[in-house]
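*Asks:*
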Amino acid sequence: MKSHLHIALMQIDIQWEQIDENLQQIAQQLATLPGETEVVFLPEMFATGFSMHAEKLAQPMNGKIVQWMRELAYQHRIILCGSVIIYDEGNYWNRLIWMQPDGNFGTYDKRHLFAYAEENKYYTPGYRQLIVQVNGWRIALCICYDLRFPVWCAQQPTDDGSAAYDVLAVIASWPASRIEAWDLLLRARALENQAYVIGVNRVGEEPPATPHASHGTQYPGHSAIVDPVGKWLYHSTHPQPEIITHTLSAQHLQQVRKHFPFLRDRDRFTILNHE
Numbered sequence: 001m002k003s004h005l006h007i008a009l010m011q012i013d014i015q016w017e018q019i020d021e022n023l024q025q026i027a028q029q030l031a032t033l034p035g036e037t038e039v040v041f042l043p044e045m046f047a048t049g050f051s052m053h054a055e056k057l058a059q060p061m062n063g064k065i066v067q068w069m070r071e072l073a074y075q076h077r078i079i080l081c082g083s084v085i086i087y088d089e090g091n092y093w094n095r096l097i098w099m100q101p102d103g104n105f106g107t108y109d110k111r112h113l114f115a116y117a118e119e120n121k122y123y124t125p126g127y128r129q130l131i132v133q134v135n136g137w138r139i140a141l142c143i144c145y146d147l148r149f150p151v152w153c154a155q156q157p158t159d160d161g162s163a164a165y166d167v168l169a170v171i172a173s174w175p176a177s178r179i180e181a182w183d184l185l186l187r188a189r190a191l192e193n194q195a196y197v198i199g200v201n202r203v204g205e206e207p208p209a210t211p212h213a214s215h216g217t218q219y220p221g222h223s224a225i226v227d228p229v230g231k232w233l234y235h236s237t238h239p240q241p242e243i244i245t246h247t248l249s250a251q252h253l254q255q256v257r258k259h260f261p262f263l264r265d266r267d268r269f270t271i272l273n274h275e
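Residues 1 to 275, numbered by full-length UniProt numbering, are exactly what the sequence shown covers, in order.
1. Determine the closest residue to V170 out of E17, V197 and T245, with distance taken between C-alpha atoms.
2. Are the stretch 248-261 and the stretch 15-26 touching, with three or more C-beta to C-beta distances below 8 Å?
3. Does DSSP put A8 in a helix, in a strand, or in coil?
4. Using a 10 Å radius around the Cβ and a threshold of 16 neighbouring Cβ atoms, would you call N91 buried or exposed?
5. Rounded to a whole number of angstroms, what is the C-alpha to C-alpha distance between V226 and P207?
6. Looking at S177: is its Cβ nearer than 7 Å to the Cβ of N201?
7. Per the contact definition of three or more C-beta pairs closer than 8 Å, is the stretch 153-162 in contact with the stretch 89-106?
8. Just to check my reading of the structure: L5 and L248 have Cβ atoms closer than 8 Å, yes? What is that Cβ distance to the nearest angstrom?
9. Whose CA, out of L141, G230 and E44, lies closest to the CA of A188?
10. Would you call E36 buried or exposed, if buried means 16 or more other Cβ atoms sit within 10 Å of its Cβ?
11. By Cβ distance below 7 Å, which residues in the same chain neighbour P34 in space, the five residues on each side in sequence not counted?
12. Please give the ranges of any alpha helix (DSSP H) in the stretch 143-217, keeping only runs that are unbroken, at least 4 residues long and fully inside the region.
13. How long is the line joining the alpha carbons of L263 and K56, rounded to whole angstroms?
14. So, at 6 Å on beta carbons, what are the nonlocal neighbours of Q156 in its own chain, with the 5 sequence-adjacent residues on each side left out?
15. Using the C-alpha atoms, what's the distance from E192 back to Q28?
16. In three-state terms, what does DSSP make of A54?
17. Could you work out which residue in K258, Y123 and F50 is closest to I14 when comparing CA atoms only?
18. Suppose you measure from the CA of W152 to the CA of Q25; what does that come to, to the nearest Å?
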């Protein structure tokens, strides 16, 4: 594992269903990042907002948004990570794209769809987890509501008792009304999995869900980085757009796991996934 991992979290105000405007503002902000940045994390549905208008907004995997990610990753020599509304194989997906500078990419389809907002009526749940690697760092990826499910986020048993991942990255559109849960769950997932946890959330407001609602959904940010013992390394508490850059230390992670190696005592289990 490389000694450090340089990351950036983009806590942005997503313009409701305005794809061109959102891509333009992100492109402008990418140009301001430090040169050593290796991975950039964007919020859930960064190009549209958390919309249930899948039929109207969905794009294919060779569509404009994925191509934009490919071009920007190549231009800035970074890995770009965020979720997009995708139409593929006859279904609509809330799909995370892990786009590398060389144009290769990985995908993760949101497993736990937020039924409270009827996300499950418009999108298809995924069934495969995704753990990627960057210079030896192993990063597990999930989307928003997935954070509430500790088994899905848990370190899977390995033959030698080592950790399955070093970083859990959560991209989200998490509302102000439940932000205390977000803060608590980020720290819990870090502590129980002895891993760094990255949470990037958006700011701003979405339109009212019904014509009679007094206001839309508010998003307060609270993007954060948590260390392997559950301590805040960064915690944004201002509901404003912000670019957060941070360097994760492999030495700190290894020291924590060596000093208190409880992962070797974890329960062995298998998640049964069905298409």
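Glycine included, every Cβ here is placed at the ideal spot set by N, Cα and C.
*Replies:* In short, the structure shows the following:
1. By 1-based counting over the sequence shown, the position of residue 170 is 170. Nearest C-alpha to V170: V197.
2. no
3. The residue you call residue 8 lines up with position 8 of the sequence shown. Strand.
4. The residue you call residue 91 lines up with position 91 of the sequence shown. Exposed.
5. As a working note, residue 226 is residue 226 in the sequence shown. As a working note, residue 207 is residue 207 in the sequence shown. Roughly 31 Å between the two C-alpha positions.
6. Taking the first residue of the sequence shown as position 1, residue 177 is located at position 177. Taking the first residue of the sequence shown as position 1, residue 201 is located at position 201. No. Outside cutoff.
7. no
8. For the purposes of this step, residue 5 is taken as residue 5 along the sequence shown, with counting starting at 1. For the purposes of this step, residue 248 is taken as residue 248 along the sequence shown, with counting starting at 1. With 8 Å as the limit, L5 and L248 qualify as a contact, their Cβ atoms being about 4 Å apart.
9. Translated into the one-based positions of the sequence shown, residue 188 becomes position 188. With distances taken between Cα atoms, A188 lies closest to G230.
10. On the sequence shown, residue 36 is found 36 positions in, with the first residue counted as 1. Label assigned to E36: exposed.
11. Looking up residue 34 in the sequence shown gives position 34. Hits under 7 Å: T245.
12. 150-153 and 179-193
13. Position 263 of the sequence shown, counted from the first residue, corresponds to residue 263. Position 56 of the sequence shown, counted from the first residue, corresponds to residue 56. Answer to the nearest angstrom: the Cα atoms are 45 Å apart.
14. Position 156 of the sequence shown holds residue 156. Excluding sequence neighbours, Q156 sits near A164.
15. Translated into positions along the sequence shown, residue 28 becomes position 28. Translated into positions along the sequence shown, residue 192 becomes position 192. So the alpha carbons of these two residues sit roughly 37 Å apart.
16. The count along the sequence shown starts at 1 and reaches residue 54 at position 54. Helix at A54.
17. As a first step, residue 14 must be located in the sequence shown, where it is residue number 14. Cα-wise, what sits closest to I14 is F50.
18. Here residue 152 refers to the residue found at position 152 when the sequence shown is read from its first residue. Here residue 25 refers to the residue found at position 25 when the sequence shown is read from its first residue. Each residue's Cα considered, the two are about 33 Å apart.
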